[in-house]
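Participant: Numbering (the working numbering), first residue to last: 2 to 188. Ideal Cβ positions, reconstructed from N, Cα and C, are used throughout, including at glycine.
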């Protein structure tokens with residue numbers, strides 16, 4: 002599965018936070034109103050809550066449906082997307098917002114304002130990843146599970162518009178998954 006691919010690039014924490022079990026996962030899916038991708042479930046069970054940190058360069062904040070603040074954050078994310086869509090118009094923001102059919106669901110953002118979505122069409126295990134840079138309605142689509150997308154981006158095997166600068170994910174310090182703000186390296 003693709004979570005192993007991601008773990009080879011960024012090791013998972015020994016004791017992840019907010020992981021729950023299959024019952025908690027199914028309850029989270031019921032609250033959201035849809036089944037979520039299997040690789041995302043595996044990611045949450047292995048990594049839990051936290052931040053991908055490219056030391057001194059960038060932080061990527063994945064969502065975790067099992068974290069205590071997820072419900073409020075999920076509602077806020079969907080409302081923000083509806084506002085962005087209304088301001089941008091259908092031409093620049095051509096997608097619906099979840100829970101609409103084929104709607105966007107935010108699964109991560111970064112500290113540069115880039116957003117990472119699934120387009121919720123068809124089987125969740127086949128949802129494509131859509132990426133848009135900060136303050137832009139330029140969309141890139143990747144036919145990959147989110148864990149493969151992250152693995153390939155973090156190892157520079159895939160370049161997407163928001164992360165096309167050569168310094169992202171290029172060392173010398175390795176990307177890590179930080180569970181606490183104090184673990185994030187800014188320089």
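Return yes when the Cβ of residue 55 is within less than 7 Å of the Cβ of residue 4, no when it is not.
Facilitator: Here residue 4 corresponds to residue number 3 of the chain shown, with the count starting at 1. Here residue 55 corresponds to residue number 54 of the chain shown, with the count starting at 1. For residue 4 and residue 55, no; Cβs fall outside 7 Å.
Participant: Report the partner residues of residue 178 according to the DSSP bridge assignment.
Facilitator: For the purposes of this step, residue 178 is identified with residue 177 of the chain shown, where counting begins at 1. Partner(s): 53.
Participant: Under the assumption that residue 10 contacts residue 149 (Cβ atoms under 8 Å), give the Cβ distance between them as a whole number of angstroms.
Facilitator: The count along the chain shown starts at 1 and reaches residue 10 at position 9. The count along the chain shown starts at 1 and reaches residue 149 at position 148. Going by Cβ atoms, the distance from residue 10 to residue 149 rounds to 11 Å, so no, they are not a contact pair.
Participant: Note down the Cα distance separating residue 223 from residue 62, rounded to an integer number of angstroms.
Facilitator: A question about residue 223 goes unanswered here, because the residues of the chain that appear run from 2 up to 188.
Participant: Are the Cβ atoms of residue 135 and residue 113 separated by less than 7 Å?
Facilitator: The sequence position of residue 135 within the chain shown is 134, counting from 1. The sequence position of residue 113 within the chain shown is 112, counting from 1. Yes, the pair counts as a contact, with Cβ atoms nearer than the cut-off.
Participant: Terminal residues of the continuous beta strand (DSSP E) containing residue 131?
Facilitator: Residue 131 sits at position 130 when you count from the first residue of the chain shown. First-last of the beta strand (DSSP E) with residue 131: 130 to 133.
Participant: Let me make sure I understand the geometry here. Which of 142, 13, 25 and 109 has the alpha-carbon closest to that of residue 95?
Facilitator: The residue given as residue 95 occupies position 94 in the chain shown. Residue 142 is the option with its Cα nearest to residue 95.
Participant: Give the DSSP-derived three-state secondary structure of residue 58 in the structure shown.
Facilitator: The residue you call residue 58 lines up with position 57 of the chain shown. Note: residue 58 maps to coil in three-state DSSP.
Participant: Tell me whether residue 81 is buried or exposed, calling it buried when 16 or more other Cβ atoms sit within 10 Å of its Cβ.
Facilitator: Position 80 of the chain shown, counted from the start, is the residue given in the question as residue 81. It counts as exposed.
Participant: Within this structure, are the beta carbons of residue 107 and residue 120 separated by less than 7 Å?
Facilitator: For this step, residue 107 is matched to residue 106 along the chain shown. For this step, residue 120 is matched to residue 119 along the chain shown. Against a cut-off of 7 Å, the Cβ pair of residue 120 and residue 107 comes out as no contact.
Participant: Could you tell me which of 101, 109 and 49 sits nearest to residue 78, measuring between CA atoms?
Facilitator: As a position in the chain shown, residue 78 is number 77, starting the count at 1. Answer by Cα proximity: 109.
Participant: Pull up the distance between the alpha-carbon of residue 46 and that of residue 22, whole angstroms please.
Facilitator: What you label residue 46 is simply residue 45 of the chain shown in a count that begins at 1. What you label residue 22 is simply residue 21 of the chain shown in a count that begins at 1. Cα to Cα, residue 46 sits roughly 8 Å from residue 22.
Participant: Looking only at its chain, what residues have a beta carbon closer than 8 Å to the beta carbon of residue 168, apart from the 5 residues adjacent to it on each side?
Facilitator: Locating residue 168 in the chain shown gives position 167, counting from the first residue. Counting only Cβ-Cβ distances below 8 Å, and skipping sequence neighbours, we find 58.
Participant: From what residue to what residue does the beta strand (DSSP E) around residue 166 run?
Facilitator: Indexing the chain shown from 1 puts residue 166 at position 165. That residue, residue 166, is in no beta strand (DSSP E); it is neither H nor E in DSSP.
Participant: In its own chain, which residues sit with a C-beta less than 6 Å from the C-beta of residue 68, not counting the 5 before and 5 after it?
Facilitator: One-based indexing of the chain shown puts residue 68 at position 67. Once the five neighbours on either side are set aside, the close Cβ partners of residue 68 are 19 and 50.
Participant: Could you give the distance in angstroms between the alpha-carbon of residue 179 and the alpha-carbon of residue 170?
Facilitator: Within the chain shown, numbered from 1, the residue matching residue 179 stands at position 178. Within the chain shown, numbered from 1, the residue matching residue 170 stands at position 169. Approximately 15 Å between the Cα atoms of the pair.
Participant: By how many angstroms is the C-alpha of residue 184 removed from the C-alpha of residue 123?
Facilitator: On the chain shown, residue 123 is found 122 positions in, with the first residue counted as 1. On the chain shown, residue 184 is found 183 positions in, with the first residue counted as 1. One C-alpha to the other measures close to 38 Å.
Participant: Is residue 147 closer than 7 Å to residue 41 when the C-beta atoms are compared?
Facilitator: On the chain shown, position 40 is the one that residue 41 refers to. On the chain shown, position 146 is the one that residue 147 refers to. It is a contact, given that the beta carbons lie within the stated cut-off.
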